[in-house]
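First up is the structure itself, then whatever we jot down about it.
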Amino acid sequence: MKIIRRGKINLNKILNLLGLAKKARKLVLGTDTSVAMLKSNKLTLLVIATDASDSTYDKLEKKAYFYQVPVMYKFTTEELSNALGVNQVKVIGITDAGFASAILKEVERGDF
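Under the working numbering, the letters of the sequence shown match residues 290 to 401, in that order.
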């Protein structure tokens, strides 16, 4: 399982990919929904806001590790909320392998 916290990555491209995933209905929002999707093996990437609570981190990180889903900690609640046009987004679960792969490729590329 990868845990992505820092590094040079193209933030705007990743935020745009998250917006596209939302339009395509290939993501879920919120801690409880993400936990349920993790348990049913339907998540391919988990994005947690850097300013989420410690209990949120602990709960999701343990589940993601168990189900071998990569976790990304790079964006604030405000950045995630603006990218998706939703208020107070702290947890995003990506359900599509293509979107997850594209986001992880941008992280690995680090071209900004």
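Glycine included, every Cβ here is placed at the ideal spot set by N, Cα and C.
Note that the structure is predicted; figures quoted are calculated from it, not measured.
- Query: For Ser323, is the classification buried or exposed, using 16 other Cβ atoms within 10 angstroms of its Cβ as the cut-off for buried?
  - Reply: Looking up residue 323 in the sequence shown gives position 34. Buried, because 16 or more other Cβ atoms sit within 10 Å of the Cβ of Ser323.
- Task: For Arg294, I'd like the list of residues in its chain whose CB is within less than 6 Å of its CB, leaving aside the five on either flank, ordered along the chain.
- Result: As a working note, residue 294 is residue 5 in the sequence shown. Because the pLDDT of Arg294 is 49, which lies under 50, any placement of that residue in the model is unreliable, and the number read from its coordinates should be weighed accordingly. Only Tyr362 meet the Cβ criterion.
- Which residue's Cα is closest to the Cα of Ala341: Gln357, Thr365, Leu327, Met326? Position 52 of the sequence shown holds residue 341. The residue with the shortest Cα to Cα distance from Ala341 is Thr365.
- Message: For the alpha helix (DSSP H) containing Gly308, name the first residue and the last one.
- Response: For the purposes of this step, residue 308 is identified with residue 19 of the sequence shown, where counting begins at 1. Its alpha helix (DSSP H) spans residues 300–312.
- Query: Going by C-alpha distance, which of Thr345, Gly399, Asp343, Val380 is nearest Val336?
  - Reply: For this step, residue 336 is matched to residue 47 along the sequence shown. The shortest Cα separation from Val336 among Thr345, Gly399, Asp343, Val380 belongs to Val380.
- Classify Gly455 as helix, strand or coil using the three-state DSSP reduction. Not covered by the structure: residue 455. The range shown for the chain is 290 to 401.
- Query: When the distance is taken between beta carbons, is Asn299 closer than 8 Å to Glu397?
  - Reply: Mapped onto the sequence shown, residue 397 falls at position 108. Mapped onto the sequence shown, residue 299 falls at position 10. No, the pair does not count as a contact, with Cβ atoms beyond the cut-off.
- Is Glu368 closer than 8 Å to Leu304 when the C-beta atoms are compared? One-based indexing of the sequence shown puts residue 304 at position 15. One-based indexing of the sequence shown puts residue 368 at position 79. Yes, Cβ-Cβ distance for Leu304 and Glu368 is below 8 Å.
- Message: Report the CB separation of Leu327 from Ala353 in whole angstroms; it is logged as a contact under 8 Å.
- Response: Position 38 of the sequence shown, counting from 1, holds the residue named residue 327. Position 64 of the sequence shown, counting from 1, holds the residue named residue 353. Going by Cβ atoms, the distance from Leu327 to Ala353 rounds to 6 Å, so yes, they are a contact pair.
- Item | DSSP three-state assignment for Gly387, whether helix, strand or coil | Sequence index remark: in the sequence shown, residue 387 carries index 98 (1-based). The answer is helix: DSSP assigns Gly387 an H, G or I state.
- With DSSP as the reference, label Val380 as helix, strand or coil. As a first step, residue 380 is located in the sequence shown; it is residue number 91 there, counting from the start. Here Val380 sits in strand by DSSP.
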